[in-house]
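Undergrad: In terms of UniProt numbering, the numbers along the sequence shown are unbroken and rise by one, the last being 513.
From the three backbone atoms N, C-alpha and C, an ideal C-beta is built for every residue, glycine too.
Structure provided below as structure tokens; questions to follow.
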Amino acid sequence: MDQLDTLSRSYTDSILGDNGSTLSRQSTADSHTRPGSRRKSHHSGLYYSSLEDTEQEETPVTPLPKLQMFIISIVLLSEPLTSTILFPFIYFMLKDFHLSDDEKEIGTYAGWITSVFFIAQFCTALTWGKISDRYGRRPVLLIGLAGNALSTCLFGLSKNLAWAIAARALCGTMNGNSGVARSAVSEITDNTNKAKAFSIFGFCWGAGMIGGYLNHPVTNFPSLFGSSEFLKEYPYFLPCLVSAIGTTFGFIIAFFYLKESNPNVLKRHENNEYTSLLKNNVDQPEHAGIRQITKDSVLVIAGYSLFAFSTMVFDEVLPLYFTAPTYAGGLGLTSTEYAKMLAIMGIIQLVFQFVIYPALTKRFSILGLCKFALLLFIPIYIVFPGLTVFKEWTAQHIKNQATGTMIFELTYLFILLWRYFGNCIGFTGYGIMVSTSAAPEILGTVNGFCQSCLSLVRAIAPTLGGSLWSYSLRSGHKYPFDYHLVYYFVVVLTLANLIQSYFIPKSVSLGGR
1 MDQLDTLSRS YTDSILGDNG STLSRQSTAD SHTRPGSRRK SHHSGLYYSS
51 LEDTEQEETP VTPLPKLQMF IISIVLLSEP LTSTILFPFI YFMLKDFHLS
101 DDEKEIGTYA GWITSVFFIA QFCTALTWGK ISDRYGRRPV LLIGLAGNAL
151 STCLFGLSKN LAWAIAARAL CGTMNGNSGV ARSAVSEITD NTNKAKAFSI
201 FGFCWGAGMI GGYLNHPVTN FPSLFGSSEF LKEYPYFLPC LVSAIGTTFG
251 FIIAFFYLKE SNPNVLKRHE NNEYTSLLKN NVDQPEHAGI RQITKDSVLV
301 IAGYSLFAFS TMVFDEVLPL YFTAPTYAGG LGLTSTEYAK MLAIMGIIQL
351 VFQFVIYPAL TKRFSILGLC KFALLLFIPI YIVFPGLTVF KEWTAQHIKN
401 QATGTMIFEL TYLFILLWRY FGNCIGFTGY GIMVSTSAAP EILGTVNGFC
451 QSCLSLVRAI APTLGGSLWS YSLRSGHKYP FDYHLVYYFV VVLTLANLIQ
501 SYFIPKSVSL GGR
């Protein structure tokens, strides 16, 4: 235990700062009497932060529970690893299935495989959330980790479309961890350290993109895997295996060291010394249901769903656009080049999550930052399809091919950098506001409902994005119904999201001076 605690301290010191602590060092004072703590509102039954500007500046930041945050961060790696690991190679996997000779149809099949994960998750996420409210966060997280490890390995062994779809469906069914983990993080943090704690979620999604770089190891890493006949036969198994190993490691650590955080479950085991360390009021009704979700929570979840929908459409088209041949309207990158680009963005996203975003929340409100991200997306989506023309221009007007290639690569990396910055702001901010808008007794249910909504839009978005991409590339379509179509569609979604954000009450937002 001492070795694990030392490891967790080193890890969290590097990403969360030097003021962390174990859970036992959190304030044991009543959270309802501490400045800046969560207080109960008699309006709509909402629990929210009621910070005055001067109060927030004077309120000291509560140290984060290092060991539990370290364990939860490992647990959280499972969903991004399983849901984003395929993005760098899905186009090439589908080509290996020999489903069609038409390059333009690949987008539709990619949408199917991506969507089935979220359809299955949509059907089960709310149930997992309610189970975690009733029986605890810990058992649900452990079940999800075991299911993820198995289903991810099965996906890596896919040799046809039916197998791939079945493996992804199993993975989505077993994957309720994101919403449950958000509930656990919310229960072991308060309003002074919640933004820093929720940055863990962005780190995990960034790490998922980095892992996809391991596809085709025999070709990409011949010195290590060149003699492996198995990896020649299953070129996409290695990234899936690495994901499964990480998930299995998370299961082992969580099994031995993850503590239950649900106050209602702990109330039933009052002899557990961990109970007294929780700040939440445990004297809450045990059988709260979905009907108790407040209007404010619904507004936040609606905005979150719109944000996820627009970004998922873009993310679905991104690998198709970058890797499709130039004659089909793409940029013609290889799988290695595209995976390398995603890995770079994943690393940069870690800097955004742990350095820039927490600093921004000290000066600006979380809701205001989400609005800024939406404003930032609009020009990015408008200019993005222009990369096709820009690549042709650099090839024709810059004589030195290496220089032209470098200019082109730096240009799209610069655009994507700002886009991932907005992603970091939006996903982290909306995730925090969902938790701050929920009453403690239905925190798992609210997060489960949120994850179900996100899964639904993520199920629709890939199929819609892939279909729009395929439609736009068919002959005869002129501007703006050519390859610009899907990007302009995302602009409309983003504008709607921006307008909707002004209906979200400021009471659910944290941060700012």
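1) Start and end of the alpha helix (DSSP H) containing residue 465?
2) Scan the region 396 to 425 and note each continuous beta strand (DSSP E) run of 3 residues or more that stays entirely inside, going in chain order.
3) Look at the alpha carbon of residue 147 and the alpha carbon of residue 133, and state the distance between them as a whole number of angstroms.
4) Of all the alpha helix (DSSP H) runs that stay within the bounds of the region 90 to 114, which reach a length of 4 or more residues?
5) Tell me whether the beta-carbon of residue 490 lies closer than 7 angstroms to the beta-carbon of residue 381.
6) State the DSSP-derived secondary structure class of residue 310, mapped to helix, strand or coil.
7) Please report the distance separating the alpha-carbon of residue 465 from that of residue 362.
8) With residue 220 and residue 136 assumed to form a contact (beta carbons below 8 angstroms), what rounded beta-carbon distance in angstroms separates them?
9) Please report the distance separating the alpha-carbon of residue 246 from that of residue 498.
10) I'd like the list of long-range same chain contacts for residue 500, defined as Cβ closer than 7 angstroms, with 5 residues on each side in sequence excluded.
11) Are the beta-carbon atoms belonging to residue 434 and residue 296 less than 7 angstroms from one another?
12) When you compare only the Cα positions, how much space is there between residue 244 and residue 473?
13) Let's test the definition: count the other Cβ atoms within 10 Å of the Cβ of residue 227 and tell me whether it reaches 16, buried, or not, exposed.
14) Look up residue 146 in the DSSP assignment and say whether it is helix, strand or coil.
15) Any idea if residue 235 is buried or exposed, counting beta-carbon neighbours within 10 angstroms, 16 or more meaning buried?
16) How long is the line joining the alpha carbons of residue 411 and residue 496, rounded to whole angstroms?
17) Looking at the secondary structure, which residues open and close the alpha helix (DSSP H) in which residue 192 lies?
18) Would you decide whether residue 506 is buried or exposed? Buried here means 16 or more other CB atoms lie within 10 Å of its CB.
19) Would you be able to state if there are at least three C-beta pairs under 8 angstroms between the region 138 to 147 and the region 346 to 359?
20) Between the beta-carbon of residue 198 and the beta-carbon of residue 431, is there less than 7 angstroms?
21) Given this structure, state the Cα-to-Cα distance separating residue 194 from residue 109, to the nearest angstrom.
22) Quick one: complete alpha helix (DSSP H) runs, 4+ long, within the region 316 to 395?
23) Relative to the C-alpha of residue 370, which residue among 427, 161, 73, 339 is closest?
24) Let me know the secondary structure DSSP gives residue 299 once reduced to three states.
25) Could you tell me the distance, in whole angstroms, from the CA atom of residue 264 to the CA atom of residue 444?
26) Looking at the structure shown, is residue 152 part of a helix, part of a strand, or coil, going by DSSP?
27) Only counting the same chain, and skipping five residues up and downstream in sequence, which positions put a Cβ closer than 7 angstroms to that of residue 394?
28) Here's the rule: buried if 16 or more other CB atoms are within 10 angstroms of the residue's CB, otherwise exposed. What is residue 316?
29) Indicate the three-state DSSP secondary structure (helix, strand or coil) for residue 478 in the structure shown.
30) Can you tell which of 154, 292, 458, 120 has the C-alpha that lies nearest to the C-alpha of residue 241?
31) Should the region 448 to 455 be called in touch with the region 111 to 129, which here means at least 3 C-beta pairs below 8 angstroms?
32) Exposed or buried, residue 98, counting other C-beta atoms within 10 Å across all chains shown (16 or more means buried)?
33) Rounding to the nearest angstrom, what Cα-Cα distance links residue 391 and residue 293 in this structure?
34) Please report the straight-line C-alpha distance between residue 413 and residue 343, rounded to a whole angstrom.
35) Determine the closest residue to residue 266 out of 379, 187, 487, 67, with distance taken between C-alpha atoms.
TA: The structure says:
1) 443 to 473
2) none
3) 20 angstroms
4) 90 to 96
5) In terms of Cβ geometry, residue 490 and residue 381 form a close pair [threshold 7 angstroms].
6) helix
7) 36 angstroms
8) Between residue 136 and residue 220 the Cβ distance is about 42 angstroms, and since that is not below 8 angstroms, they are no contact.
9) 37 angstroms
10) 302, 303, 306
11) no
12) 36 angstroms
13) exposed
14) Three-state result, residue 146: helix.
15) Buried, since its Cβ has 16 or more Cβ neighbours within 10 Å.
16) 28 angstroms
17) Element bounds for residue 192: n/a, residue is neither H nor E.
18) exposed
19) No: the two stretches stay apart, fewer than three of their Cβ pairs being nearer than 8 angstroms.
20) yes
21) 39 angstroms
22) Fully enclosed alpha helix (DSSP H) runs of 4 or longer: 335 to 351, 357 to 363, 366 to 383.
23) 427
24) Annotated three-state conformation of residue 299 is helix, per DSSP.
25) 11 angstroms
26) helix
27) 404, 407, 408
28) With at least 16 other beta carbons inside 10 angstroms of its own, residue 316 counts as buried.
29) Coil, per DSSP.
30) 154
31) yes
32) exposed
33) 50 angstroms
34) Their backbone Cα atoms lie some 11 angstroms apart in a straight line.
35) The candidate whose alpha carbon is nearest that of residue 266 is 187.
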